[in-house]
Amino acid sequence: MVLNPTIVRQHNSTTLMELRVKRHPMAPPAVPPPSNPRLLARIIETMNFHELTSSPENDRYRKVIYDEQHPMVDGPVAAVRTDLGLPADAAQEIKRRAHALGADLVGITAVMHEHVYDDRRVPLPHAIVVGMAMDHPATVSAPAPGAGIEITRVYMQLGWVVVRLAAQIRELGYDAIAHHPRGDRLCDSELLFIPHAIAAGFGQLGRHGTMLTPRFGPRVRLGIVSTALPLAHDRPIDPGFDWFCQRCDRCVRSCPGDAISRQKVEDRGALRWIVNHDACLPWFVKYDGCGLCISECVLNLPTVDQTERMSARIGAARDRWAQRRGPEGSRRPAAPPQEAYSVPRA
Ligand code: SF4
Ligand code: SF4
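In terms of my numbering, the sequence shown opens at residue 94 and continues consecutively.
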């Protein structure tokens, strides 16, 4: 986005006032405006657009999700079971069907009860995780309304994938429940999608709290179908993104709420990247998704080819770094190669 300094100057005081007074009733206490002037300017410029929550496109997508898809997340199971062969064969068939329905990524893992919400239950053992890529130009326009509308559009398209896949599995005679990517008070998800997607081999957690994938970077939305159909499971992958995120802080510098941590922190027994949700939420609510951290992510590249090349470079740089480092404790870790930092941008 090209910033217009005149608009920034004209709207600066109005915007800061607006940030203080026009906040969502559910938002926590105000956070200071972003310290990064470039980002502040970008946000000010987008504030001239209408609020996302009143967008007719968004309303149309949400109506489909709430009125047509949510009632389909569960349903009757056929009395007669169709044999899909061994779990590996069944997994292949389910992946084929999910791709035919429109999924860009499909992986299978066990339902992880430590990642099911405390007051919920997922009674079925296998999780079919599906992912769908968001459009790159819309994603990089965040926090303009187009980015949030694209998120809702993908939630709707992916919603059809999970409800139709679950329906197909029930027709085969096996229990299946769709866990919709976009919930509401009546139909909210029971489990966390990202840990399941990582276990199913989609990618690794990025510093900004969103999963990074080798094909689409962070531009992926997720849904799950849990099922009793016996399926072979996939394995997690290590493309080097976790290593890279420890050496990159572009999303930290992009965040208007200073919500992204510079260090991993101990969380439920593991060291992880954590986003401060209290700091993020006012911005998230204001822009119906914000998304600057995804927009600015080094791995958010326009095409699959570019993203795969960047992923391969990161993996190779990590491998060279590991080789130079030698046996554990032999010497101080070497600095990562410079090419890991030279980031092509669209
Ligand atoms: S979505 Fe939240 S974490 Fe990401 S840039 Fe916006 S405020 Fe920061
Ligand atoms: S911007 Fe850099 S640190 Fe942040 S998630 Fe992307 S690659 Fe990781």
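Using N, Cα and C, we set each Cβ at its ideal position, and we do this for glycine too. Computed from a predicted structure; not experimentally measured.
As computed with DSSP, S319 is found in a beta bridge with A220, I270.
Taking 7 Å as the cut-off, one finds at least one heavy atom of ligand 2 near enough to the beta carbon of R300. Beta bridge pairing from DSSP links L198 with G224. Between Y154 and M225, the beta carbon gap of about 13 Å keeps them out of contact (Cβ cut-off 8 Å). No Cβ-Cβ contact shorter than 8 Å links V215 with L258. Under the three-state reduction of DSSP, D360 is assigned to strand. Here I201 has A184, I187, K188, H219, A220, I221, V222, A293, L324, A325, H326, D327 as same chain residues with Cβ atoms under 8 Å from its own Cβ, once five neighbours each way along the sequence are excluded. Straight-line spacing of the CA atoms in V233 and V397 works out to 15 Å. In this model, M403 and R343 are separated by some 16 Å (Cα to Cα). The straight-line gap separating the alpha-carbon atoms of F286 and D197 is approximately 16 Å. The three-state secondary structure of L374, taken from DSSP, is helix. Its Cα nearest to that of L315, the residue G276 stands out among R340, A352, G276, D331. In the DSSP assignment, N369 falls outside any alpha helix (DSSP H), carrying neither H nor E.
When distances are taken from the beta-carbon of A181 to the heavy atoms of ligand 1, even the shortest one reaches 7 Å or more. Non-local beta-carbon contacts of V254 in its own chain, meaning distances under 8 Å to residues more than five positions away in sequence, involve A191, L194, G195, A196, V223, M225, G316 in chain order. The segment 246-315 is shown to contain whole beta strand (DSSP E) runs of 3 or more residues at 269-272, in chain order. Put simply, the backbone Cα of R308 is about 11 Å away from that of P332. For E389, the distance from the CB to the nearest heavy atom of ligand 2 is below 7 Å.
Under the three-state reduction of DSSP output, I244 falls in the helix class. Cβ-Cβ separation between D152 and L217: approximately 33 Å, too far for a contact (criterion under 8 Å). Placement of the Cβ of W414 at a distance of 7 Å or more from every heavy atom of ligand 1 is found.
Around the beta carbon of P375, 16 or more other beta carbons sit within 10 angstroms, so the residue counts as buried. For R413 and I291, the gap between their C-alpha atoms comes out near 24 Å. As the crow flies, the alpha-carbon of A363 is around 21 Å from that of T306. Rounded to the nearest angstrom, the Cβ distance from G178 to R263 is 19 Å, too far for a contact under 8 Å.
Looking at D281, A240, E207, G252, the one whose alpha-carbon comes closest to that of C386 is A240.
In the DSSP assignment, Q399 falls within the unbroken alpha helix (DSSP H) covering 397-418. For V378, the closest of I158, E207, A237, A181 by C-alpha to C-alpha distance is A237.
Beyond the five residues adjoining it in sequence on each side, P329 comes within less than 7 Å, by CB distance, of I291, A292, G294 in the same chain, given in chain order.
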